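In mature numbering (1 follows the signal peptide of the UniProt record, and there is no 0), the protein residues as written are -22 to -1, 1 to 349.
This is the structure we're talking about:
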């Protein structure tokens, strides 16, 4: 065999190997030198009820967030009662597969237990009692997983859309000190854990500036905060890449890590002028609002893939500032966007389809690293 033919055959084999590698590569492997790749998992997955789902989770991702089971109403349903059954199972899954766990979330105005703001007589508690309850809640939960859960969403969604503080019961009773106390109590309980502020629409200028104000206020008082979690519930067109990049740079300039904590991209028309993730909001279903009830046209699959690609090209560019990207759900069939803000719609927001097969968007995301 002459040398020229050997070179051609070698090139073909090499190209074939490269192609196979690209097809079989996982998200966590592709981005291992950039940032963690995470996924939010539901109770069925925490209980490992579906082996195919667990295999996909553990092969593709290296960070886990409980979609619901670590929220107050589940972990602390009564004042004198904690329920760690599901969170312990989550830890077992993570530890068996060497996965980073995000504790989501310690303090949030939604999905609370009904006792949180009330006395035994049904009156509203005062700030001193709220502080005591926050301390007990946070120190008990963080203490149980000290050294195991290395990152906590300490406070979730404490801002209104204009960047002012949301007028939640936490704020009405405790003012902004409830945020300061929450971070203090978490740090005192586990000084090594990373502590995050998490919210939606943090790309929008007013809310972005509000989050930066929280970071600067905590830092000015010597209170530990390590990162800002940007809930990335986005669409095919919004926010713009320029807006996302500006936010990354501005958050990083405060000295904290940036995380994209709840990434999904809706392909459906929005009933709002501005996007939101306020779970209390609902609209009526209609054929106009649910244009793809059976399947997604290939042209829209391509749009989704291109959108994910441009987002991850930006993430790669700023991987020195970004520590984690977490998808909010494993596959399209489990996306919360199928029912929000309009119940009964069919959306296609994630990288895996309802049969748990990788979509064009998955390959587009991988390709941003291969390129």
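We treat Cβ as the ideally placed atom computed from N, Cα and C, and that holds for glycine.
For clarity, every value in this text was computed on a predicted model and none was experimentally measured.
Inter-residue CB distance, residue i and residue j (contact presumed, cutoff 8 Å)
{"i": "residue 128", "j": "residue 173", "result": "Actually they do not touch by this definition, with Cβ atoms about 11 Å apart."}
{"i": "residue 156", "j": "residue 148", "result": "5 Å"}
{"i": "residue 38", "j": "residue 4", "result": "5 Å"}
{"i": "residue 187", "j": "residue 134", "result": "No, residue 187 and residue 134 are not in contact; Cβ-Cβ is about 19 Å, not under 8 Å."}
{"i": "residue 372", "j": "residue 34", "result": "Since the first residue of the chain shown is -22 and the last is 349, residue 372 is not available in this structure."}
{"i": "residue 208", "j": "residue 193", "result": "Wrong, their Cβ atoms sit about 13 Å apart, outside the cutoff."}
Element boundaries [beta strand (DSSP E), containing residue i]
{"i": "residue 209", "result": "205 to 209"}
{"i": "residue 133", "result": "129 to 134"}
For residue j and residue i, the rounded distance between their alpha carbons
{"i": "residue 103", "j": "residue 58", "result": "16 Å"}
{"i": "residue 53", "j": "residue 84", "result": "10 Å"}
{"i": "residue 285", "j": "residue 334", "result": "20 Å"}
{"i": "residue 189", "j": "residue 30", "result": "39 Å"}
{"i": "residue 86", "j": "residue 114", "result": "15 Å"}
{"i": "residue 346", "j": "residue 108", "result": "47 Å"}
{"i": "residue 215", "j": "residue 244", "result": "10 Å"}
{"i": "residue 125", "j": "residue 170", "result": "7 Å"}
{"i": "residue 138", "j": "residue 349", "result": "39 Å"}
{"i": "residue 1", "j": "residue 93", "result": "Unreliable placement is indicated for residue 1, whose pLDDT of 47 sits below 50; the coordinate value is still reported in the next sentence. Roughly 51 Å between the two C-alpha positions."}
{"i": "residue 318", "j": "residue 136", "result": "21 Å"}
{"i": "residue 281", "j": "residue 338", "result": "10 Å"}
{"i": "residue 269", "j": "residue 69", "result": "39 Å"}
Which of helix, strand or coil DSSP assigns to residue i
{"i": "residue 305", "result": "strand"}
{"i": "residue 88", "result": "coil"}
{"i": "residue 320", "result": "strand"}
{"i": "residue 78", "result": "strand"}
{"i": "residue 193", "result": "helix"}
{"i": "residue 240", "result": "strand"}
{"i": "residue 16", "result": "strand"}
{"i": "residue 176", "result": "strand"}
{"i": "residue 188", "result": "helix"}
{"i": "residue 295", "result": "helix"}
{"i": "residue 50", "result": "helix"}
Nearest residue (CA-CA) to residue i, options the options
{"i": "residue 198", "options": "26, 232, 207", "result": "232"}
{"i": "residue 140", "options": "179, 131, 155", "result": "179"}
{"i": "residue 118", "options": "166, 71, 91, 217", "result": "166"}
{"i": "residue 238", "options": "65, 47, 43", "result": "43"}
{"i": "residue 234", "options": "302, 280, 292", "result": "302"}
{"i": "residue 168", "options": "116, 268, 133", "result": "116"}
{"i": "residue 46", "options": "24, 60, 153, 33", "result": "24"}
{"i": "residue 191", "options": "228, 221, 265, 218", "result": "228"}
{"i": "residue 219", "options": "110, 242, 290, 184", "result": "290"}
{"i": "residue 185", "options": "293, 142, 222", "result": "142"}
Boundaries (first-last residue) of the alpha helix (DSSP H) holding residue i
{"i": "residue 148", "result": "147 to 152"}
{"i": "residue 43", "result": "Counting along the chain, residue 43 falls outside any alpha helix (DSSP H), though it belongs to the beta strand (DSSP E) covering 41 to 44."}
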